[in-house]
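Just below is one structure, and these are the notes that go with it.
Residue numbers (my numbering), protein chains in the order written: chain A, 1 to 325; chain B, 326 to 650.
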């Protein structure tokens with residue numbers, strides 16, 4: 001770990017990501033890397049997709065959650081873990097807690113997607129419902145911590161979680177050693193932080209690009225201004241529901257240090273990229289996972305002719321309601 | 326080739342399938358084999374899915390069509406190829422003909438799925454529409470043959486096509502050498518014929534099971550009676566639109582010789598298996614490709630605890646109209 005004076009800014013280094021990789025190996029899949037000639041032709045570059053939609057619980061979040069849960073000392077772990085999550089991180093904590101045999105509580109906003117609630121319950125975690133706002137979520141988590149002694153594992157503002165998320169990029173670089181760039185989506189920034197630390201740690205000249213919905217374009221703005229910007233006022237309307245989250249100072253620090261470009265795309269482009277991934281590559285990805293391809297299709301990066309790794313973050317979709325219908 | 330006296334019954338042997346494999350290697354993908362712990366748990370067996378939904382044109386049909394097209398002598402090939410197909414075989418012939426630089430005509434019934442028509446046009450083939458009945462299709466093909474000198478390549482009643490389809494099973498057995506059984510869907514029987522010849526040629530004790538929709542249960546009946554039975558009278562109502570085809574004497578011969586069980590499943594089971602593959606394995610498969618899993622989920626084979634290869638035949642789906650909606 002890179003021990004800064006302020007622990008709220010501490011970040012993992014490549015060694016911590018490698019240690020995380022060893023720690024979580026029994027608990028997560030080494031996911032497939034696939035290619036698709038039709039998508040290469042659409043983008044005008046060669047793409048390698050790291051299929052975290054095939055990951056345990058259907059998203060990369062299994063990596064960070066497993067690393068955080070298995071990093072706890074036994075006497076702390078025994079009292080359980082708590083988190084808040086609109087979905088995939090909650091399922092990931094539930095999954096990792098069951099693997100370790102400890103209790104888990106997940107605070108979720110009312111009205112979360114059915115499939116994401118089922119993903120949490122499947123692993124025996126207890127769901128606590130809260131309001132949509134950050135204060136309501138934090139209060140519900142604090143209540144669980146107070147009542148049970150459980151350890152809070154934040155979805156992204158946590159160095160162990162970030163280290164775990166970085167392991168996908170390590171595997172991608174092992175599978176395809178000569179990439180020019182890696183693209184990852186950004187919500188709270190855990191995945192992009194871990195990806196960028198891993199990528200630059202492995203090869204200084206490997207480009208790292210972030211991709212965000214314009215309708216939740218706070219990270220792109222924070223990247224420019226250098227301070228954590230809030231989400232646009234009012235309800236944030238993006239189909240990429242995993243990315244409706246502002247950065248933390250910790251993740252902004254990693255992203256400012258290691259990311260080469262952070263670009264945004266519109267909702268139509270996200271739906272188009274999601275549908276194209278289903279139709280051409282024949283895999284199920286959620287809207288948040290399609291944001292990097294959307295930015296590539298929109299020409300947001302200097303991608304032409306390059307060899308590009310794309311992290312497909314997850315595949316948890318409510319099949320009753322598809323965005324193009 | 327196994328040269329019988331009656332050429333309409335000729336079948337490839339394992340050597341012909343291996344030769345096909347070499348011939349088509351530059352033109353088709355060696356598709357991924359994936360596993361899914363959640364589906365293993367549902368079936369109570371270990372499953373390896375051969376992902377022909379990732380194949381060129383989105384279906385295994387690229388194998389047989391490529392083998393047939395690239396087996397033609399130059400002076401014959403030059404005049405082009407013609408076939409009839411409700412979809413995937415047509416796209417496969419169009420694809421293979423473009424790879425060889427020769428013209429192709431595809432006779433399709435009016436009202437074929439949009440995505441399947443686009444798949445044919447994408448490769449520059451000419452579509453000729455016909456009625457739904459076999460006589461109308463055959464007449465349209467004969468007209469093209471007469472007018473152009475093109476060679477007819479039947480979707481399954483063709484030894485070169487069957488040899489090509491068998492290459493998927495060869496790859497599956499290379500990837501997972503210790504399978505107990507392989508399951509493939511059956512419509513006209515080209516895939517199941519090739520699969521069973523390859524499997525038994527590689528290992529006499531490897532079980533081969535066929536899977537068919539009960540609503541188009543002619544192959545299961547033919548398997549019992551030993552003669553080619555017609556489709557049930559009237560319109561055949563199955564969502565598995567790739568499997569609405571009777572066997573030919575040729576494919577029945579292979580299936581009777583090499584297949585250990587041929588079972589059927591209901592429409593609800595097909596929809597459930599298709600949806601489960603999307604939700605759990607996160608891959609897009611068409612209804613016909615879900616028929617083997619449907620039969621496994623329904624307990625139609627002695628599968629418990631076995632190691633089973635499942636050929637996922639294709640992934641061409643109209644995403645506007647999903648069967649569970």
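All residues carry an ideal CB built from backbone N, CA and C; glycine is no exception. Given the structure is predicted, the values throughout are model-derived calculations rather than measurements.
Only exposed fits residue 499(B), as fewer than 16 other CB atoms lie within 10 angstroms of its CB. The beta carbon of residue 20(A) is closer than 6 Å to those of 67, 163, 164, 167 in its chain, skipping five residues each way along the sequence. When Cβ-Cβ separations below 7 Å define contact, residue 378(B) makes contact with chain A. The three-state secondary structure of residue 479(B), taken from DSSP, is coil.
Only 600 from the region 585 to 600 of chain B bring a Cβ to less than 8 Å from some Cβ of chain A. Taking a 10 Å sphere around the C-beta of residue 246(A), we find 16 or more other C-beta atoms and assign the residue as buried.
Annotated three-state conformation of residue 385(B) is coil, per DSSP. At a cut-off of 7 Å between beta carbons, residue 284(A) contacts chain B.
Shown here, residue 582(B) sits in a helix according to DSSP, grouped into three states.
For residue 455(B), the uninterrupted beta strand (DSSP E) run begins and ends at 451 to 455, by DSSP. Sequence-distant partners of residue 149(A) (beyond 5 residues in either direction) whose C-beta falls short of 8 Å from its own C-beta, in its chain, are 79, 80. Residue-level contact by beta carbon holds for residue 315(A) and chain B, with a gap shorter than 7 Å. Around the beta carbon of residue 644(B), fewer than 16 other beta carbons lie within 10 angstroms, which makes this residue exposed.
Boundaries around residue 522(B) are those of the alpha helix (DSSP H), 515 to 527, since no beta strand (DSSP E) includes it. The Cβ neighbour count for residue 350(B), taken over all protein chains shown within 10 Å, is under 16; the residue is labelled exposed.
Against residue 618(B), chain A offers no close residue; the least beta-carbon distance is about 16 Å (beta-carbon pairs closer than 8 Å). Annotation: the continuous beta strand (DSSP E) that includes residue 212(A) extends over 207 to 213. Within chain B, not a single residue places a beta-carbon under 7 Å from that of residue 87(A); the smallest gap is close to 15 Å. CA-to-CA, the gap between residue 476(B) and residue 37(A) works out to about 29 Å.
Secondary structure note for residue 291(A): its alpha helix (DSSP H) is the uninterrupted segment 291 to 297.
In this structure the region 37 to 52 of chain A does not touch the region 88 to 104 of chain A; the number of beta carbon pairs closer than 8 Å is below three. Just measuring C-alpha positions, the residue of 642(B), 384(B), 334(B) sitting nearest residue 485(B) is 334(B).
Listed along chain A are 282, each with a C-beta nearer than 7 Å to that of residue 383(B).
Under the three-state reduction of DSSP output, residue 589(B) falls in the strand class.
Scanning 452(B), 430(B), 427(B) for the CA closest to the CA of residue 436(B) turns up 452(B). In the pairwise beta carbon analysis, the region 532 to 546 of chain B is classified as touching the region 566 to 584 of chain B: at least three pairs are separated by under 8 Å. Sequence-distant Cβ neighbours of residue 190(A) in its own chain, meaning closer than 7 Å and more than five residues away, are 64, 155, 156, 161, 162, 165, 251. For residue 167(A), the enclosing alpha helix (DSSP H) starts and ends at 167 to 175.
Collapsing the DSSP output to three states places residue 135(A) in a helix.
For residue 375(B), no alpha helix (DSSP H) run applies; the uninterrupted beta strand (DSSP E) run containing it begins and ends at 371 to 376, by DSSP. DSSP, read as helix, strand or coil, puts residue 148(A) in helix. Listed along the chain, the chain A residues whose CB falls inside 9 Å of the CB of residue 359(B) are 32, 54.
Chain A has a Cβ within less than 7 Å of the Cβ of residue 603(B). CA-CA distance, residue 53(A) to residue 502(B), rounds to 27 Å. Residue state for residue 21(A) is assigned as helix, using DSSP reduced to three classes.
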